[in-house]
Amino acid sequence: MQAIERIITDNNWITLVILFAIILVAIMKLLAPDKLRDYTFAFFTSGFFKKKVEDNPSVFSVFYILLFFFATITISLFLFLMLLQKYYLPTFFNYTIALCFVVLYYVLKYSLEAILANIIQSNYNTKYFLATKSGYLSNLSLWLFPAIIIYQYAFNSPLFLLIYSLILFIFRAFLIFINNKKIVIRKFFYFILYFCTLEIAPLLIVYKITTT
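Following full-length UniProt numbering, the numbering of the sequence shown begins with 1 at its first residue and continues without gaps.
Structural data, given as structure tokens:
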């Protein structure tokens with residue numbers, strides 16, 4: 001009986017996190033329905049990020065702050081359900097730790113990218129590259145979120161969620177390359193160095209810290 005109650009309790013916090021994420025989406029829709037639609041379909045709209053770079057909107061607006069937290073909540077929940085549950089009890093406290101790691105990682109990453117962009121006085125191509133990277137991640141989180149709901153309440157198959165997420169991440173990487181192929185090919189060594197340093201290495205460090 002205690003085990004059943006414990007499982008129910010564990011599912012309750014996941015439900016609350018999902019409801020909170022849905023509330024964030026609802027607020028974003030009220031604040032800027034066009035922006036939310038554009039981010040949702042950014043995978044299929046090549047001109048969206050060009051317009052974003054030209055408009056140069058503030059990342060500290062309410063909409064972008066909400067979008068950032070929605071993305072980090074979704075990604076941390078995905079990582080927790082797929083990886084960390086194998087090593088830690090599925091409690092809200094443990095998920096909060098994972099969420100803090102993800103938020104800290106992306107805050108530091110985006111801050112470092114912004115600092116470097118200002119130091120080297122980046123041109124349009126560099127700004128476009130950074131915009132597609134961060135934008136497609138937000139886009140990916142909007143597509144990953146429904147799959148998490150399906151996984152949690154309808155089709156509880158880790159393989160389903162893993163394959164679906166891999167398709168999204170591979171598609172994101174493909175679009176980043178296609179939309180920035182000139183700068184990637186011309187600066188291939190620096191692109192690989194950047195990708196390994198700021199994309200892969202921090203995630204491996206976080207994974208190592210949280211699983212040992």
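Cβ coordinates follow ideal geometry from the N, Cα and C atoms, glycine included.
Name the residue from 56, 67, 19 whose alpha carbon lies nearest to the alpha carbon of residue 128. 56
Using a Cβ-Cβ cut-off of 6 angstroms (strictly less than) and excluding sequence neighbours within five positions of residue 23, which residues of its own chain qualify? none
Mark residue 172 as exposed unless 16 or more other C-beta atoms lie within 10 angstroms of its C-beta, in which case mark it buried. buried
Check whether the Cβ atoms of residue 161 and residue 101 lie closer than 9 angstroms to each other. no
Local Cβ density within 10 Å of residue 178, reported as buried at 16 or more and exposed below that: exposed
Pairwise C-alpha distance: residue 135 and residue 46: 12 angstroms
Alpha-carbon to alpha-carbon, residue 19 and residue 110: 27 angstroms
Give the list of continuous alpha helix (DSSP H) stretches no shorter than 4 residues that lie fully inside the region 23–56. 33–40, 48–55
Assuming residue 126 and residue 49 are in contact, meaning their beta carbons sit under 8 angstroms apart, how far apart are those beta carbons, in whole angstroms? Their Cβ separation, rounded to whole angstroms, is 13 angstroms, which puts residue 126 and residue 49 out of contact at 8 angstroms.
Could you check the C-alpha separation between residue 85 and residue 143 for me, to the nearest Å? 22 angstroms
Should the region 34–45 be regarded as contacting the region 138–158, the criterion being three or more beta carbon pairs within less than 8 angstroms? yes
Quick one, which of 95, 103, 71 has its alpha-carbon nearest residue 82's? 95
Local Cβ density within 10 Å of residue 52, reported as buried at 16 or more and exposed below that: buried
Tell me the DSSP secondary structure of residue 12 in three-state form. helix
By the three-class DSSP mapping on this structure, what secondary structure does residue 80 have? helix
Check whether the Cβ of residue 155 lies closer than 8 angstroms to any heavy atom of the ligand ATP, and answer yes or no. Of the ligands one can find in the structure shown there are none, so the ligand ATP has no counterpart to examine.
Should residue 151 be labelled buried (16 or more other beta-carbon atoms within 10 Å of its own) or exposed? buried
Residue 68 vs residue 59 beta-carbon contact at 9 angstroms: yes
Between which two residues does the alpha helix (DSSP H) harbouring residue 179 extend? 158–179
Determine the closest residue to residue 62 out of 74, 87, 35, with distance taken between C-alpha atoms. 35
6 angstroms Cβ shell around residue 29 - same chain, five flanking residues per side excluded: 36
Give a yes or no on whether 9 angstroms exceeds the smallest Cβ distance from residue 160 to chain D. Going by chain labels, chain D is absent from the structure shown, which holds only one protein chain.
Grouping DSSP H, G and I as helix and E and B as strand, with all else coil, what is residue 1? The pLDDT assigned to residue 1 is 44, lower than 50, so where the model puts this residue is not dependable, and the model offers no usable value.
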